[in-house]
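Enquirer: Before we start, here is the structure in question, set down as structure tokens.
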Amino acid sequence: QVLAQATLPRVAPARRRPAPLAPTALGLATASPQRGAALAAAMPDMEISAAAKSGDGTVTNVGIKTGGAFQCPECRQKFDSEKAKQLHWKFIHDPNRHQED
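Each residue of the sequence shown is one higher than the one before, starting from 1289 at the first, in our numbering.
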């Protein structure tokens, strides 16, 4: 007597993603003006537009654009145009736009 043999679908082995590089592996462990200068010297062909720059060199203003003419009413961020300020508010502060993680 022969029993029917069930065949299971073959499942490919799960691929492992490579571990992300740690900041120390990239040489980014510390953020300082000296470190920034060292990175800039290492990449002389890289240009950073004025619009992408932020802060004034103090820890208090890291990531805060301080040279714009239009200040967000809810935070210390400043922008070069009213439209940029409105988009920032819409995506960062607008309570009606809150999205779940």
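Ideal Cβ placement from N, Cα and C applies to all residues, glycine included.
Remember, predicted model here, so these are calculated numbers, not experimental data.
I'd like to check one pair, G1356 with K1371: are the Cβ atoms closer than 8 Å?
Expert: Position 83 of the sequence shown, counted from the first residue, corresponds to residue 1371. Position 68 of the sequence shown, counted from the first residue, corresponds to residue 1356. For K1371 and G1356, no; Cβs fall outside 8 Å.
Enquirer: K1373 by DSSP, collapsed to three states: which one?
Expert: Within the sequence shown, residue 1373 is the residue found at index 85, counting from 1. K1373 falls in the helix class under three-state DSSP.
Enquirer: Smallest Cα separation from P1361: which of I1380, A1326, T1346 and G1351?
Expert: Translated into the one-based positions of the sequence shown, residue 1361 becomes position 73. When each option's Cα is compared against that of P1361, the closest is I1380.
Enquirer: Would a C-beta distance cut-off of 8 Å place G1343 and I1352 closer than the cut-off?
Expert: As a working mapping, residue 1343 is identified with position 55 in the sequence shown. As a working mapping, residue 1352 is identified with position 64 in the sequence shown. Cβ atoms of G1343 and I1352: closer than 8 Å.
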